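Please read the structure below before turning to the comments.
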Amino acid sequence: MTDSPASSYYSMDISSDCFEPGQEADTSLGSATTYPPGSSSPTRPTFHHGEKKKKAKGAKNAQKMSKQLDRVARDAHVRALKHKALNINKAQRPSKAPAPDHQRDVLRMVFEQMTPYPDDAWIAKLALHFNCRYDKIKNWFSNNRQKDAAEFRVSYPHSQSKYDLAATLVPITCEGRELRMRPSAMAACPEADWTDNFFYEVVLIHDFRLLVKERNERLRLDAASMMLDMRT
86 MTDSPASSYY SMDISSDCFE PGQEADTSLG SATTYPPGSS SPTRPTFHHG EKKKKAKGAK
146 NAQKMSKQLD RVARDAHVRA LKHKALNINK AQRPSKAPAP DHQRDVLRMV FEQMTPYPDD
206 AWIAKLALHF NCRYDKIKNW FSNNRQKDAA EFRVSYPHSQ SKYDLAATLV PITCEGRELR
266 MRPSAMAACP EADWTDNFFY EVVLIHDFRL LVKERNERLR LDAASMMLDM RT
């Protein structure tokens with residue numbers, strides 16, 4: 086049977102006190118184990134407080150470095166998205182080109198139900214999805230925030246309180262970035278669910294439904310037009 090680590094350590098302690106040649110072992114009580122002078126117990130390994138503190142500091146520095154690397158990676162990802170969105174072919178989508186109805190409806194959904202302050206990453210995702218210029222998407226949100234403020238002043242001309250859209254929003258952290266969300270969005274999904282991919286999935290689903298609705302409406306109008314042509 087294999088000895089336990091504790092028993093091995095104890096046997097090593099005993100064997101270290103070798104008898105001199107011709108010396109008889111003292112078999113009296115308590116003489117089986119030889120203790121160091123001035124000690125009442127076997128010598129045990131000492132765990133220095135300095136080593137413990139050093140290890141804790143090393144772990145803390147490693148964690149800090151990991152967070153810094155994560156932040157650098159996130160920033161690089163956002164810059165790459167924004168760069169792609171800024172490089173959308175301006176000849177194909179000039180800034181004065183009118184946006185399709187479903188595109189405006191999706192942006193309105195994001196503005197009213199998710200956030201009126203999408204950050205660079207989310208603006209870039211919207212621009213890439215619609216193949217629309219980055220600055221055009223960004224300006225759309227800015228213009229609608231100003232429009233809401235103007236409508237508030239018209240609706241409440243004698244109000245003593247200043248229009249403060251940001252005060253009505255809920256701050257969250259999305260993949261290390263600060264965002265401000267509508268309370269309704271937070272009521273529908275917890276903060277942990279709001280990631281870049283989840284945001285884009287919501288946009289895709291809403292856009293798909295709008296496209297299907299537009300297609301069905303066109304088919305209905307075409308069918309009605311054919312019926313009128315057959316009657317004439």
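Each number in this note's numbering comes from the position in the sequence shown (counting from 1) with 85 added on. Ideal placement from N, C-alpha and C gives every residue a C-beta, glycine not left out. No experiment lies behind these values; they were computed from the predicted model shown.
When secondary structure is reduced to three states using DSSP, proline 268 falls in the helix class. Between the stretch 306-314 and the stretch 201-211, the count of C-beta pairs closer than 8 Å stays below three; the two stretches do not touch. Residue pairing by DSSP puts arginine 262 in a beta bridge opposite Cys259. Judged by beta-carbon spacing, aspartate 190 lies beyond the 8 Å limit of leucine 264, meaning their Cβ atoms are not closer than that value. C-alpha of arginine 294 to C-alpha of histidine 214: approximately 15 Å in a straight line. Secondary structure at alanine 184: coil, using DSSP grouped into helix, strand and coil. Contact check for asparagine 229 against phenylalanine 196 passes: the beta carbons are separated by less than 8 Å.
At a Cβ-Cβ threshold of 8 Å, glutamate 260 and arginine 156 do not count as neighbours. Residues of the same chain with their beta carbon placed closer than 6 Å to that of glutamine 153 are lacking, with the five preceding and five following residues left out of the count. Secondary structure at tyrosine 285: helix, using DSSP grouped into helix, strand and coil. For tyrosine 219, the secondary structure class from DSSP, reduced to helix, strand or coil, is helix. Taking the Cα positions, methionine 271 is about 9 Å away from isoleucine 257. A direct Cα-Cα distance of roughly 22 Å separates aspartate 220 from leucine 250. Excluding the 5 residues flanking it on each side, phenylalanine 283 has same chain C-beta neighbours closer than 8 Å at Cys274, in chain order. Taking C-alpha positions only, valine 297 is separated from glutamine 198 by approximately 21 Å. For tyrosine 202, the closest C-alpha among the options Met266, Ala277, Ala309 and Asn301 is that of Met266. When C-alpha distances from histidine 187 are compared across Val288, Gln148, Ala141 and Asn146, the shortest belongs to Val288. Distance between lysine 138 and asparagine 174, taken at the CA atoms: about 57 Å.
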